[in-house]
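Asks: FYI, in the working numbering the residues of the sequence shown are 3 to 816.
C-beta: ideal position from N, C-alpha, C; glycine also.
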Amino acid sequence: MPFEKKPARPTSYVALDETSKALMDSSVESAFVMDVSGYVLAANDAAAKLFDLKPGQTLQRSNIYELLPTAAAESRRAKIAESIRTVRSVRFEEEIDGRSLVHSIVPVANPWGEVNRLAVHTLDLTKLHRTDEDLRREQQRQIFFMESLPGIVYHLYPDQTIRYANRYFRRYFGSPRNRKCREALNCSGTNCSMCPPMEAMNTDRAVEWDWTDNQGRTFHLQCSPMTDSNGERMIMVLGIDITARQRAEDALKKARDKLEDRVRQRTMELEKANVELTSKSQRLVAAREKADAATRAKSSFLANMSHEIRTPLNAILGMSELALSIEDKDRKNRYLRRVMEAGNSLLSVINDILDFSKIEASRLTLESIDFDLRRALYGALDLHMLTAEEKGLDLRSSVAEDVPAALMGDPSRLRQILINLVGNAIKFTESGSVTVSVKSAAPAHDLKPGDPISLVFAVADTGVGIPEHKQRDIFQSFLQADDSITRKYGGTGLGLAICQLLVGLMGGELTLQSEEGRGSTFTFTAELAVGDPAAAEQERREAETPVPILPPLTVLLADDNPLNRELATILLSEQGHSVLAVKNGIEALNALREAPFDLVLMDVQMPIMDGVSATRAIRDPNSGALDPNIPIIALTAHALKGDRERFLTAGMNGYIAKPIKMRDFYNAIARAMNGRPLSPEPKPEREQPFPAAQGKPFDRESALDMLGGKTDLLARMDEIFLRDVPGELKELADHFARRDWNNAKRMAHSIKSSARTVGAHRLGAIAEQMEYLCRQQDAASAEKELKILEADVQSALDYVSGIHAQPTDSLPET
Numbered sequence: 003m004p005f006e007k008k009p010a011r012p013t014s015y016v017a018l019d020e021t022s023k024a025l026m027d028s029s030v031e032s033a034f035v036m037d038v039s040g041y042v043l044a045a046n047d048a049a050a051k052l053f054d055l056k057p058g059q060t061l062q063r064s065n066i067y068e069l070l071p072t073a074a075a076e077s078r079r080a081k082i083a084e085s086i087r088t089v090r091s092v093r094f095e096e097e098i099d100g101r102s103l104v105h106s107i108v109p110v111a112n113p114w115g116e117v118n119r120l121a122v123h124t125l126d127l128t129k130l131h132r133t134d135e136d137l138r139r140e141q142q143r144q145i146f147f148m149e150s151l152p153g154i155v156y157h158l159y160p161d162q163t164i165r166y167a168n169r170y171f172r173r174y175f176g177s178p179r180n181r182k183c184r185e186a187l188n189c190s191g192t193n194c195s196m197c198p199p200m201e202a203m204n205t206d207r208a209v210e211w212d213w214t215d216n217q218g219r220t221f222h223l224q225c226s227p228m229t230d231s232n233g234e235r236m237i238m239v240l241g242i243d244i245t246a247r248q249r250a251e252d253a254l255k256k257a258r259d260k261l262e263d264r265v266r267q268r269t270m271e272l273e274k275a276n277v278e279l280t281s282k283s284q285r286l287v288a289a290r291e292k293a294d295a296a297t298r299a300k301s302s303f304l305a306n307m308s309h310e311i312r313t314p315l316n317a318i319l320g321m322s323e324l325a326l327s328i329e330d331k332d333r334k335n336r337y338l339r340r341v342m343e344a345g346n347s348l349l350s351v352i353n354d355i356l357d358f359s360k361i362e363a364s365r366l367t368l369e370s371i372d373f374d375l376r377r378a379l380y381g382a383l384d385l386h387m388l389t390a391e392e393k394g395l396d397l398r399s400s401v402a403e404d405v406p407a408a409l410m411g412d413p414s415r416l417r418q419i420l421i422n423l424v425g426n427a428i429k430f431t432e433s434g435s436v437t438v439s440v441k442s443a444a445p446a447h448d449l450k451p452g453d454p455i456s457l458v459f460a461v462a463d464t465g466v467g468i469p470e471h472k473q474r475d476i477f478q479s480f481l482q483a484d485d486s487i488t489r490k491y492g493g494t495g496l497g498l499a500i501c502q503l504l505v506g507l508m509g510g511e512l513t514l515q516s517e518e519g520r521g522s523t524f525t526f527t528a529e530l531a532v533g534d535p536a537a538a539e540q541e542r543r544e545a546e547t548p549v550p551i552l553p554p555l556t557v558l559l560a561d562d563n564p565l566n567r568e569l570a571t572i573l574l575s576e577q578g579h580s581v582l583a584v585k586n587g588i589e590a591l592n593a594l595r596e597a598p599f600d601l602v603l604m605d606v607q608m609p610i611m612d613g614v615s616a617t618r619a620i621r622d623p624n625s626g627a628l629d630p631n632i633p634i635i636a637l638t639a640h641a642l643k644g645d646r647e648r649f650l651t652a653g654m655n656g657y658i659a660k661p662i663k664m665r666d667f668y669n670a671i672a673r674a675m676n677g678r679p680l681s682p683e684p685k686p687e688r689e690q691p692f693p694a695a696q697g698k699p700f701d702r703e704s705a706l707d708m709l710g711g712k713t714d715l716l717a718r719m720d721e722i723f724l725r726d727v728p729g730e731l732k733e734l735a736d737h738f739a740r741r742d743w744n745n746a747k748r749m750a751h752s753i754k755s756s757a758r759t760v761g762a763h764r765l766g767a768i769a770e771q772m773e774y775l776c777r778q779q780d781a782a783s784a785e786k787e788l789k790i791l792e793a794d795v796q797s798a799l800d801y802v803s804g805i806h807a808q809p810t811d812s813l814p815e816t
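1) Taking the beta carbon of Met270 as the centre, do at least 16 other beta carbons fall within 10 Å, making it buried, or is it exposed?
2) Using the Cβ count rule (16 or more neighbours within 10 Å means buried), how would you classify Lys73?
3) Assuming Gln418 is part of the alpha helix (DSSP H), what are its boundary residues?
4) Just checking, does the region 260 to 275 make contact with the region 163 to 180 on the three C-beta pairs under 8 angstroms criterion?
5) By the DSSP assignment, the beta strand (DSSP E) with Phe526 in it spans what residues?
6) From which residue to which residue does the alpha helix (DSSP H) around Gln515 run?
7) Please work out which residues of its chain come closer than 7 angstroms, Cβ to Cβ, to Asn112, disregarding the five sequence neighbours upstream and downstream, and give them in chain order.
8) By how many angstroms is the C-alpha of Ala186 removed from the C-alpha of Tyr491?
9) Does the Cβ of Phe459 have 16 or more other Cβ atoms within 10 Å, making it buried, or fewer, making it exposed?
10) Using the C-alpha atoms, what's the distance from Pro554 back to Asn669?
11) Rounded to whole angstroms, what's the CA-CA distance from Cys225 to Met236? Just pull it up for me.
12) Which runs of the alpha helix (DSSP H) fall wholly inside the region 158 to 237 and span at least 4 residues, in chain order?
13) In the region 30 to 117, which residue ranges form an unbroken alpha helix (DSSP H) of at least 4 residues, counting only runs that do not cross its ends?
14) Can you look up Arg567 in the DSSP assignment and give me helix, strand or coil?
15) Can you tell me which of Gln796, Arg740, Asn232, Tyr41 puts its alpha carbon nearest to the alpha carbon of Asn65?
16) May I ask you to verify whether the region 276 to 287 touches the region 243 to 262, counting CB pairs closer than 8 angstroms and requiring at least 3?
17) Taking only three categories from DSSP, how would you classify Ile468?
18) Using DSSP with H/G/I as helix, E/B as strand and the rest coil, what is Ile805?
19) DSSP state of Val461, grouped into three classes?
20) For Val505, which of helix, strand or coil comes out of DSSP?
21) Just curious, the alpha helix (DSSP H) that Val584 is in, first and last residue?
22) Go to Arg377, then tell me how far its alpha helix (DSSP H) extends in each direction, as first and last residue.
23) I think Ser32 touches Leu52, with their Cβ atoms under 8 angstroms apart; what is that distance to the nearest whole Å?
24) Can you tell me where the beta strand (DSSP E) holding Val401 begins and where it ends?
25) What is the residue span of the alpha helix (DSSP H) that Val614 lies within?
26) Taking the DSSP output, what are the residues bridged to Arg333?
27) Looking at Ala560: is its Cβ nearer than 8 angstroms to the Cβ of Leu603?
28) I need the DSSP call for Gly434, collapsed to helix, strand or coil.
29) Please classify Gly394 as buried or exposed, where buried requires at least 16 other C-beta atoms within 10 Å of its C-beta.
30) Return helix, strand or coil for Ile671, following the three-state DSSP convention.
31) If I'm right that Leu457 touches Ala528 with Cβ under 8 angstroms, what's the distance once you round it to whole angstroms?
32) To the nearest angstrom, report how far apart Ser281 and Gly218 are at their CA atoms.
33) State buried or exposed for Lys747, treating a residue as buried only when at least 16 other CB atoms are found within 10 Å of its CB.
34) For Ala344, I'd like the list of residues in its chain whose CB is within less than 7 angstroms of its CB, leaving aside the five on either flank, ordered along the chain.
35) Going by the CB atoms, is the gap between Leu127 and Val104 shorter than 8 angstroms?
36) Excluding the 5 residues flanking Leu125 on each side, which residues of the same chain have their C-beta closer than 6 angstroms to its C-beta?
Set out below in structure tokens:
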């Protein structure tokens, strides 16, 4: 039967040679050749499978537009027309019946540039896309699975950092971010390379072992080497808490050991008694030696204190007695100024004694300021003038003409050295004179400010002198030439030891020339620089500048010492300021929540909550303080190096050392209030439940950012929050009722972490305050804070529950 001719079909087909046919059939991609009407001229098996042909139907001689769905056929016809028109290849993606396809249409032109055939290649990416989606879902399932496990899971990398830790880990050990493994786990090991996880990393094999943390909990850990999604090697550690089992095993072992001990007891009684008697005797000897050493150390320390304090204290007492016994105002004021100078010197000495270990370790830093050498020298000698007059000694000084009028260095330390050396000279001189001289080590003409200069200081006396064989000992701590000197003159000799260390810090050397019965001369050098006379004069003028007058302020004073509170209140009231005094940081925080103030004077060392912790709490926008940015000045007896920087880092605006100096006190307040507007009048009621300064109670955007923008993962965290936090709050209340402070603190820490994970920042801040109060074991304050915490937990639970009751395409306003 003859074939019926169809006008739409082509009259010829592609004849492929064996090589071309083999290449087409071996391609994993769908490949076929068609004419411009859409009829297939040649095709491989992959192309036939792609079109899902019916039984008995072949792709060759079929029209592809008839095999495709209508929408796909029209799209394919447009792409083919574009390729024919432009005589260029066209590549495009297409979704057909749930399959992801990538097509390449290549036109084949004849020698006259006419396109009569087209080669079509198709790549099916459906399985690849499904694999990527399945992988993403599997990763999310793994994250949720690890977050929900009742055991610790963390990923350890070769640089000993933990880059992922599940919720169980964070609940017990906190966040491992920016911390090494040893620090995050509070590990007591000393060799990290021998740690089993690192052994698993190095040997590329799984390792198991039991590990006990610093709280006595034991975990059975499994370390499995693997590769993360970035291709980097790591160790996944899975830990199960086996504390109960371990304790049971330990109890069983103890019971077994006890039975074995009973068996051996009968045969070892005599030997045991002998060992116990010997051990007891050794302990008694060691305890007696330790007690004797402690007594000697205490005596040495007290003697050292008396030696360094006695000189300025004598001046204070003597000048005070003179000031009380005369009526002449000018003389009285002169004596009182000397009392003030001696008091300042006494404070400096006390600071040096408390800081002596730092001086010995050469960790003390010297100031570099412009000062008048002659004025500093006069101040050092004036302190001892009364004592010298009482003994009939001639106390004088001389400064060479070529010594510059102004120097740059540490005048207080230089003055301390001179005070010690002159004091010793007067103490050991019964008649004659004490002379202080200053000269330059080399000609000092034509020097400019900033040029280095070496000065030689000499303190000579006509006293008892020091035997040659004792001269080296006097520079050692707590030693003098002999015991008779201690009995006659007092002191321990620490002054010369301090002087030697300070001279060393100044780049110099302290030496002695002495002859018994003919006096002594102490000479030291100091490496300084030429100063600016104008700057030195400015320093002097600033010290004498009148106290600034401020408009009336409302001041909150926090100090646990009644005397300090009274003194500060008087100083403030005399300037027209109103003062509210409280006794600790908790009371200060509560006061700032209830009323506005212009300034806070905060003692650093207070019970319940110290000043530094109170300042950090006030600066937190979620603390409830009406003005978290209120100026805060530290008022403290901590006068050691580095304390000022520590207080400023905590958020304080100024620093006043005790005992309070009136000028420094007022100047510090003026500096803190410079350019600061006064607080408004208190309002009877707050119109908003949360003031603007308190910040947003919820911030879901930041919570979403922490989870890499994964809304489904944040939803999982919400589920865990709603599931666990009510139980944790109940545990916290139960632990607090039993005064189990450690577990109560742990539960507060867990609530804080969970709250911040879902964006409940206010709840996180309140939980952090509860954690702090549990650490301080402040039952009264913690009980009040617990009620606030319970209310805010309920508010956060309602908020998070409400989110999932709304449409999921938007986040609620906060």
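Replies: To lay it out plainly:
1) Counting every other CB atom within 10 Å of its CB across the protein chains shown gives Met270 a total below 16, marking it as exposed.
2) It is Ala, not Lys, that sits at residue 73 in the sequence shown. Per the 10 Å Cβ criterion, exposed.
3) 413 to 429
4) no
5) 521 to 532
6) Here Gln515 belongs to no alpha helix (DSSP H); instead the beta strand (DSSP E) covers 512 to 517.
7) Asn118
8) Bear in mind that the predicted position of Tyr491 carries a pLDDT of just 48, short of 50, making it too unreliable to give a figure here.
9) buried
10) 15 angstroms
11) 10 angstroms
12) With a minimum length of 4 residues, the continuous alpha helix (DSSP H) runs that stay inside the region 158 to 237 are 169 to 175, 183 to 186, 198 to 205.
13) 47 to 52, 66 to 69, 72 to 88
14) helix
15) Tyr41
16) no
17) Judged by DSSP in its simplified three-state form, Ile468 adopts coil rather than helix or strand.
18) helix
19) strand
20) helix
21) From DSSP, Val584 is part of no alpha helix (DSSP H) but of the beta strand (DSSP E) over 580 to 584.
22) 375 to 393
23) 4 angstroms
24) 396 to 401
25) 613 to 621
26) DSSP, once it has assigned bridges, lists no residue as partnering Arg333.
27) yes
28) DSSP, read as helix, strand or coil, puts Gly434 in coil.
29) exposed
30) helix
31) 5 angstroms
32) 30 angstroms
33) Under the 10 Å beta carbon count, Lys747 is surrounded by 16 or more other beta carbons and is classified as buried.
34) Pro314, Ala317, Ile318, Met321, Leu385
35) yes
36) Glu31, Val104
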